[in-house]
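Beneath this line is the structure, given in structure tokens, with notes to follow.
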Amino acid sequence: MTTWDLPDATGEVAAEQAYLTSLYARLDALRALTAERLADVLRGSGAGGTQQARSERDAAYTAYSDRLGALNAAEQGLCFGRLDLLDGGRRYIGRIGLSADADEDEDAEPPLMDWRAPAARPFYLATAAAPEGVRRRRHIRTADRTVTGLDDEVLDLAVVDPDAHTDLTGEAVLLAALGASRTGRMRDIVTTIQAEQDRVIRAPASGVLVVQGGPGTGKTAVALHRAAYLLYTHREQLSQRGVLIVGPNPTFLRYVGHVLPSLGETGALLATLGELYPGVRATRAEPATTAGLKGRADMAGVVAAALADRQWVPEEALDVVLASGEELTLDRATCLGIRDRARRADGTHNEVRPIVERLVVDALADQVADVIGADVLSTEEMIGSSAVADILAQLGEDVDPVENGNLLDPGDVEEIRRELRDDPGVREAVDRLWPRLTPRRLLSDLYASHERLAAAAPHLSDAERAALHREPGDDWSPADVPLLDEAAELLGEDDRAVRMRIAMAELEERQRVEFAAGAMEIALGSRSIDLEDEDDPEVLMAHDLLDASRLAERHVEGEGLTVAQRAARDRRWAFGHVIVDEAQELSPMAWRLLMRRCPSRSMTLVGDVAQTGALAGSASWARTLAPFVDDRWRLAELTVNYRTPAEVMAVAADVLAALDPPGEPPRSVRDTEGEPWALRVAPAELAAVVGDLAKAESTAVRDGRVGVLVPEARRAELGGTDADLESPVVVLTVAEAKGLEFDSVLVVAPDEIIAESPRGLNDLYVGLTRTTRRLGVVHTADLPAVLGRLVPAPAYS
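Once you know that position 338 of the sequence shown is 338 in the UniProt record's numbering, the rest is easy, because the numbers rise by one and skip nothing.
Written out as structure tokens, the structure is:
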């Protein structure tokens with residue numbers, strides 16, 4: 001490895017600076033051109049025209065907006081590498097590709113090649129043993145638009161001994177990046193992607209790919225770069241359907257939210273499980289046992305049973321009180337028949353409700369018709385029923401019932417049905433037999449009623465049903481979201497809401513046209529006498545160019561929503577690809593939801609079963625995926641730990657061994673600043689000591705970040721708040737810290753972390769492996785045996 005630093009600004013650095021300056025000039029030119037074209041589209045956005053023309057404008061707006069965003073995102077780290085090929089060629093590698101000027105040779109290498117292009121792949125894969133046609137790989141270090149240093153790797157076997165190289169590409173650059181202080185935001189790894197990571201990033205998009213990797217293997221970074229790669233290579237498909245990236249908590253999403261934009265990609269929706277039901281932001285905390293119960297696979301049956309329980313049949317009969325005060329009766333057999341026919345119908349609960357309405361009205365109309373249309377009725381028998389008399393009056397009949405036989409023709413019977421359909425008593429009867437339900441109402445009513453819980457979940461224990469019980473009006477928890485989604489699948493769309501949206505849209509359209517027509521009249525009325533002279537046809541007015549409906553189109557502001565924004569509003573949106581980080585935490589019910597979001601089963605699932613903390617989470621990828629894809633999934637493993645120092649990983653490995661997982665811990669590539677330590681303090685002094693230690697660690701890591709990981713029960717006591725990852729010190733639970741990393745970590749009360757959950761050892765393993773440099777453990781009780789490697793803390797005063 002040869003390193004050229006800025007003080008040695010010889011010809012090499014100067015030459016790269018000149019080339020980098022030319023690339024930025026090209027970037028600026030492309031920005032200006034794209035901005036101009038976008039402005040042209042915006043200037044023409046109100047021109048109305050055909051639906052096709054509007055669609056083409058929307059497509060152009062999206063394309064230019066996305067391109068401008070990518071060009072702006074490439075400002076920092078535009079070019080970071082160069083490949084010198086064995087055949088004498090040269091390729092510059094950057095975070096986006098830049099094309100040559102129009103007057104340059106079309107067959108020449110582009111001045112800058114996108115890191116995702118196939119021809120750029122040797123930058124990440126080439127080694128001395130397998131050089132991929134590369135003689136030298138150069139890493140170009142920059143700050144803003146200035147070259148600050150160069151690192152060269154010679155891969156020519158005639159020059160270098162391949163056995164002298166490690167399996168890390170760009171080792172010096174990688175270790176420098178790993179040693180840099182955390183900033184509260186995840187960095188992209190586009191300059192330091194390693195071979196095993198590259199293979200995952202560029203794996204085929206089809207099917208389910210499981211990426212199993214221990215702490216520090218870069219799973220999250222790999223997942224995000226895979227999203228950027230797929231959006232680049234499958235642009236046409238994914239630009240229409242989008243990519244969904246699911247993370248474990250909002251803090252995590254804030255931490256990683258900058259990565260894809262920094263790579264020039266905006267076509268992904270980042271969300272937690274609690275944000276995947278439109279209109280609901282599920283943030284309510286609940287006991288882990290309750291969340292675990294809601295995540296069990298058998299809860300799908302509970303939701304279905306809860307709905308079936310609402311499709312009611314009376315024990316004997318249902319009295320229907322009409323608006324007139326008179327009563328009709330639906331006996332149990334009739335109600336059973338109505339329910340059975342509705343259940344056999346093709347459709348969801350709300351979709352088949354009109355069938356129930358029709359069957360109820362038919363049954364009641366038959367009763368009325370049987371009375372009115374009897375062959376022989378006495379005046380007393382017939383007119384004695386005021387309900388029948390009211391209906392006869394509404395039909396306009398004036399007959400002698402004794403002298404007539406069948407009084408009603410089909411039209412008369414249909415009129416009876418119409419009157420009954422509009423009767424409040426009949427509508428109330430339908431609501432009792434087959435109520436209109438929303439997912440939220442179904443679940444709220446279920447949770448609030450001990451009787452409904454017992455009917456829907458007889459297999460659960462009294463304690464389990466008590467854990468599900470809650471009063472109406474409470475907020476939703478993340479574990480409720482898959483159940484709401486399950487209910488929505490069974491209930492279907494509420495047709496009233498659909499009709500209301502259609503009616504409102506039609507009303508708004510009429511109002512726009514009426515407004516436009518009024519504007520046209522004003523324009524006509526305001527013309528001068530001279531302009532009304534028909535002998536002057538060359539003068540054009542508004543009415544010559546537009547009609548009212550066309551003018552109305554100009555007042556319709558296009559929403560201009562991105563694919564991600566549209567997908568976030570639509571529960572039934574089918575994504576082109578789904579990526580799940582910390583996938584081991586998802587419950588069987590959560591997997592049902594995600595599989596509905598991705599019918600193509602094009603998915604990347606990233607996680608580590610040894611880090612599973614959720615009670616309903618995964619202990620085996622095979623068992624988790626079997627109900628959905630059987631054994632049709634692929635496994636890729638990440639085996640190198642880039643984040644966690646070897647000394648810390650040795651401590652964590654003892655915890656891992658106690659978990660008895662099937663795999664080996666990942667191999668660390670670097671050492672830490674000192675041995676991980678433990679400090680025992682008096683319980684009354686815990687908060688004060690932890691505060692002092694956090695300040696000391698913050699000083700030690702200078703501009704880095706310190707994470708204080710605490711038991712849930714001590715979160716408030718030790719200052720836990722909504723995490724601001726830009727702060728030098730943050731206090732989090734282990735669950736909140738999943739997927740994050742800090743320069744220094746203090747794990748507080750490890751015995752309590754273990755005791756809080758049946759998966760407490762998994763949580764401890766997660767907590768220990770969040771650090772990139774320093775680790776301390778503070779405890780008030782005896783240290784758990786699995787932490788026997790910790791050394792005594794440095795002198796503390």
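For each residue, glycine too, the CB sits at the ideal point set by N, CA and C.
Remember, it's a predicted structure, so these values are computed and weren't measured experimentally.
Along the chain, where does the beta strand (DSSP E) that runs through residue i open and close?
i           : result
I579        : 577-580
V708        : 706-710
W621        : Run containing W621: none in the beta strand (DSSP E); it sits in the alpha helix (DSSP H), 621-629.
D152        : 146-154
residue 800 : Because the chain is modelled from 1 through 797, residue 800 falls outside the range shown and cannot be assessed.
G760        : First-last for G760: 760-768, but that is the alpha helix (DSSP H), not the beta strand (DSSP E).
E637        : 633-638
L746        : 742-748
L732        : 729-733
Express the C-alpha separation of residue j and residue i in angstroms, rounding to a whole number.
i    : j    : result
D763 : E712 : 11 Å
R121 : A176 : 22 Å
E675 : S757 : 28 Å
R597 : A574 : 5 Å
H779 : M186 : 30 Å
L790 : R566 : 51 Å
A60  : D40  : 10 Å
P784 : P750 : 7 Å
A454 : G292 : 19 Å
L625 : D631 : 8 Å
S378 : V371 : Residue placement at S378 is poorly supported in this model, since its pLDDT is 45, which falls under 50; the coordinates still yield a value, given next. Between S378 and V371, the C-alpha separation is close to 11 Å.
A457 : R465 : 8 Å
R425 : D485 : Checking the sequence, you will find Gly at residue 425 rather than Arg. Distance between the alpha carbons of G425 and D485: 32 Å.
V729 : D654 : 27 Å
A53  : Y255 : 40 Å
A345 : P354 : 11 Å
G473 : R440 : 10 Å
L718 : S587 : 30 Å
A180 : V13  : 23 Å
Checking 7 Å against the spacing of the C-beta atoms, do residue i and residue j come in under that value?
i    : j    : result
G247 : D782 : no
V368 : I416 : yes
C79  : L112 : yes
A73  : G207 : no
Y761 : V648 : One point to set straight first is that residue 761 is Leu, not Tyr, in the sequence displayed. Result no, Cβ atoms of L761 and V648 do not sit closer than 7 Å.
R95  : V190 : yes
V681 : V689 : yes
D601 : V640 : For the sequence presented, residue 601 should be read as Arg rather than Asp. Not in contact: R601 and V640 (Cβ atoms no closer than 7 Å).
P250 : T272 : yes
G576 : R241 : yes
L483 : V303 : yes
G704 : D671 : no
Y277 : V481 : yes
V173 : T192 : yes
L260 : L244 : no
L638 : E196 : yes
P435 : R310 : yes
L491 : H258 : no
T334 : A363 : yes
Along the alpha helix (DSSP H) that carries residue i, what are the first and last residues, could you check?
i    : result
W591 : 588-597
Q212 : Q212 -> not in any alpha helix (DSSP H); beta strand (DSSP E) instead, spanning 208-213.
V222 : 219-233
A271 : First-last for A271: 268-272, but that is the beta strand (DSSP E), not the alpha helix (DSSP H).
R773 : Run containing R773: none in the alpha helix (DSSP H); it sits in the beta strand (DSSP E), 771-779.
G247 : Careful: G247 lies outside any alpha helix (DSSP H), inside the beta strand (DSSP E) at 243-247.
L178 : 171-179
E428 : 424-433
I193 : Counting along the chain, I193 falls outside any alpha helix (DSSP H), and DSSP gives it neither H nor E.
Assuming residue i contacts residue j (C-beta within less than 8 Å), just tell me the rounded distance between them.
i           : j    : result
L38         : S65  : 6 Å
residue 852 : L635 : Residue 852 cannot be examined here, being either before or after the span of the chain that is shown, 1 to 797.
G97         : A117 : 6 Å
T644        : G216 : 4 Å
A694        : L746 : 6 Å
Mind pulling the beta strand (DSSP E) runs of 3 or more residues that sit fully within the stretch 84-143?
90-94, 134-143
Unbroken stretches of the beta strand (DSSP E), 3 residues or longer, contained in the stretch 276-358
317-321, 327-331
Give the list of continuous alpha helix (DSSP H) stretches no shorter than 4 residues that lie fully inside the stretch 446-487.
450-456, 462-468
Alpha helix (DSSP H) runs wholly inside the stretch 679-704, at least 4 long, in chain order
686-700
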